[in-house]
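Peer 1: In the working numbering, the protein residues as written are 39 to 122.
Cβ coordinates follow ideal geometry from the N, Cα and C atoms, glycine included.
1. Look up residue 106 in the DSSP assignment and say whether it is helix, strand or coil.
2. Please list the terminal residues of the continuous beta strand (DSSP E) segment that includes residue 43.
3. Do residue 100 and residue 88 have their beta-carbon atoms positioned less than 7 Å apart in this structure?
4. Excluding the 5 residues flanking residue 92 on each side, which residues of the same chain have their C-beta closer than 8 Å to its C-beta?
5. For residue 84, collect the residues of the same chain with a Cβ closer than 7 Å to its Cβ; drop the 5 residues on either side in sequence, then sort them by chain order.
6. Taking buried to mean at least 16 other C-beta atoms within 10 Å of its own C-beta, is residue 117 buried or exposed?
7. Do you know offhand how far residue 68's Cα is from residue 80's?
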């Protein structure tokens, strides 16, 4: 995923599209992640997504659901923004 992407549009299981602002992209342990928040919505929580490749080699965004992986991304995010 390009580092200069500011917004992305994701489609849920029901076909509904939602636009998200990309807060940051993180590279952790040879994996790439993006942290996003829904655009134009008042939300206090960000969403962590892992960038994977599907069988065709195309990038896909996968929600980070495993606690250990989520905590690793959250710690990197907090460290990055605590330095600003």
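Peer 2: For this structure:
1. As a position in the chain shown, residue 106 is number 68, starting the count at 1. Correct three-state label for residue 106: helix.
2. Counting from 1 along the chain shown, the entry for residue 43 is found at position 5. Counting along the chain, residue 43 falls outside any beta strand (DSSP E), and DSSP gives it neither H nor E.
3. Taking the first residue of the chain shown as 1, we reach residue 88 at position 50. Taking the first residue of the chain shown as 1, we reach residue 100 at position 62. Cβ distance < 7 Å, so residue 88 and residue 100 count as in contact.
4. Here residue 92 refers to the residue found at position 54 of the chain shown. Correct list, in chain order: 98.
5. Along the chain shown, one-based indexing puts residue 84 at 46. Excluding sequence neighbours, residue 84 sits near 61, 73, 74, 75.
6. Here residue 117 is taken as the residue at index 79 of the chain shown, counted from 1. By the neighbour-count rule (16 or more Cβ atoms within 10 Å), residue 117 is not buried but exposed.
7. If you number the chain shown from 1, residue 68 lands on position 30. If you number the chain shown from 1, residue 80 lands on position 42. Cα to Cα, the separation comes out at about 32 Å.
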